[in-house]
Amino acid sequence: MAQTLALLGGPPLRRRPFTKWPIAGRPDEARLLRVLRSGRWGRLQGREVERFEQRFAAMHGCRHGVAMVNGTVSLRLALMAAGLPAESEVIVPPYTFLSTASAVIEANMVPVFADIDRGTYNLDPACVEAALSPRTRAIIPVHFAGLPADMAAIHAIARRRQLIVIEDAAHAHGAIHRDGPAGSLGHMASFSFQSSKNLTCGEGGIVTTNDDALAEACRSIHNCGRRTGGRWYEHHVLSGNYRLGEFQGAVLDVQLDRLEGQTVRRDRNGRYLARRLAAVPGLAPQERPESCVRHAYHLFMLRLDARGFGAPRDAVLDALRAEGIPCSSGYAISLPDQPMFRNKAFGPYLAGAGLRTDYDDVRCPVSDRLCREEGVWLEQSMFLGTRSDMDDIARAFEKVHEAGALLRDRAARRRRSTPRRAGS
Ligand SMILES: Cc1ncc(COP(=O)(O)O)c(C=O)c1O
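The structure is reproduced here in structure tokens:
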């Protein structure tokens, strides 16, 4: 017989919290104090950011890293460093955080959406092909949730059309693809260090690359257009001050010491949970292609098919939360459907781009369905725990599945009792 759901008055499956994020301790405190007392708080006076950049880049298979104020700016500056013509088209996925597309607009280029693969939630190469036009100049694959994108197929397209590839690796610290670490798989890559990310200092970002000229261009654009060896008040390109401060650099450098161990643990736990949840009817954890050597599990993502599972997503998520399992439905709106795109609310940008910025007819059904009814997210810090934490998550899904019929009836009753709004 099914156990009574916590949502319906039964005892919750789990009362203990999962691992809290961020994790910090004495070493972080000591380094912060050291910077404080040194009086060298800006990146141009100290060595903290520089040291972190070198270590982070090396860990991600790159010769260069340029740290910046956040991962939106690092995406935009990578695009600017590429030297592409104004209003070039840049192919991006629709199932990602806003910045992947908004950074393109802020670089005065046109984002063009290509749908994602239904199994991996990464750019679908066939949709990338279909989105190409004579104006396409770049592709931004997102390593979604921390799973490296299909880089072989993306590079095949990029080589044929001489396109720039910029990885959006905001979710992929420490992820490894068959061809190398995330961050080293395109011309440039952008990472974020915002609070939720697998490596964080509150706010921050970095561009990594193995191309000396692109690294120099990023360095210049993030530092008021200065050139290495130039005079202080000599500015060569349109740019600004996007430098990361020494406090953040120090925190990141200490946090980096923990990244490898944390990534191994997330990957191990994520693999295990994926195996367990795949056995539950109606659940489809993110597929892991053979090219993935290590998943960063910034998110553990799955699809929930309401019919197969026996209850609609939102009711299931309510029930899981009541059982003590934090979870969410993730992005609610696929990017092309966001009001910003529907209304072309681009401020002063792309005023002359006309029809190419008309997003009304863009169709990305896979992304759309994930947003509307199927997507489920679990956050990275839950995967820093033990196997028994994973067992709790799996058992909670199983418990909710067994009580699916009750939940379905409850959701239907609620729908019937919610008064409809009068039509206009
Ligand atoms: C996929 C993706 N790209 C870019 C960003 C932007 O990073 P930031 O918040 O540091 O500007 C994020 C952050 O949430 C992200 O999830």
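Counting in the working numbering, the sequence shown runs from 915 upward without gaps.
Glycine included, each C-beta is placed from N, C-alpha and C at the ideal position.
By the CB criterion at 8 Å, residue 1240 and residue 1276 fall outside the cutoff. In this structure, the alpha-carbon of residue 1120 lies about 45 Å from that of residue 1321. In the three-state scheme derived from DSSP, where H, G and I count as helix and E and B as strand, residue 1076 is classed as coil. For residue 1085, the shortest C-beta to heavy atom distance toward ligand 1 is below 7 Å. Comparing alpha carbon positions, the residue from 1288, 1026, 1050 closest to residue 1221 is 1288.
Using a Cβ distance threshold of 8 Å, residue 1273 and residue 1256 count as a contacting pair.
When C-alpha distances from residue 1269 are compared across 1258, 1278, 938, the shortest belongs to 1258. In the displayed model, residue 1315 falls within a helix according to three-state DSSP.
For a cut-off of 8 Å, the C-beta gap from residue 990 to residue 1021 is around 5 Å, short enough to register as a contact.
Relative to residue 1015, the option among 1100, 954, 1034, 1053 whose CA is nearest is 1053.
Looking at the DSSP output, residue 1038 bridges to nothing.
Bounds of the alpha helix (DSSP H) holding residue 1229 are 1227-1236.
The C-beta separation of residue 1292 from residue 1213 comes to about 7 Å, placing the pair in contact by the 8 Å criterion.
Scanning its chain for C-beta atoms nearer than 6 Å, with the 5 sequence neighbours on each side dropped, one finds around residue 1133 the residues 980, in chain order. In chain order, 1241, 1310, 1311, 1314 place their CB closer than 8 Å to the CB of residue 1234, counting only its own chain and leaving out the 5 sequence neighbours on each side. At least 8 Å separates the beta-carbon of residue 927 from that of residue 1282. Pairing residue 1209 with residue 1184 gives a Cβ-Cβ distance under 8 Å. When secondary structure is reduced to three states using DSSP, residue 1242 falls in the strand class. Per DSSP, the unbroken beta strand (DSSP E) holding residue 1199 starts and ends at 1197-1199. With a threshold of 7 Å, the Cβ atom of residue 1056 counts as near ligand 1, since some heavy atom of the ligand is closer than that. Of all C-beta pairs linking the region 1091-1099 to the region 943-953, fewer than three are shorter than 8 Å, placing the two stretches out of contact. Looking only at 1216, 1070, 1018, the smallest Cα-Cα distance to residue 1201 is reached by 1216. Straight through space, the alpha carbons of residue 1173 and residue 1084 are spaced by roughly 14 Å.
Between residue 956 and residue 1160, the gap from beta carbon to beta carbon is short of 8 Å. CA-CA distance, residue 1151 to residue 1296, rounds to 44 Å. With a threshold of 7 Å, the Cβ atom of residue 993 does not count as near ligand 1, since no heavy atom of the ligand is closer than that. Around the beta-carbon of residue 947, fewer than 16 other beta-carbon atoms lie within 10 Å, marking it exposed. Here the alpha carbon of residue 1005 sits roughly 18 Å from the alpha carbon of residue 987. Its Cα nearest to that of residue 1171, the residue 1087 stands out among 1048, 1024, 1087. In this structure residue 1104 is buried. Its beta-carbon is surrounded by 16 or more other beta-carbon atoms within 10 angstroms. DSSP places residue 1095 in the strand class (E or B) of the three-state scheme. In this structure, residue 1037 keeps its C-beta atom at 8 Å or more from the C-beta atom of residue 1236. At a Cβ-Cβ threshold of 8 Å, residue 976 and residue 1124 count as neighbours. In the three-state scheme derived from DSSP, where H, G and I count as helix and E and B as strand, residue 1010 is classed as coil.
DSSP, read as helix, strand or coil, puts residue 1303 in helix. Residue 1208 carries a strand assignment under DSSP once its states are collapsed to helix, strand and coil.
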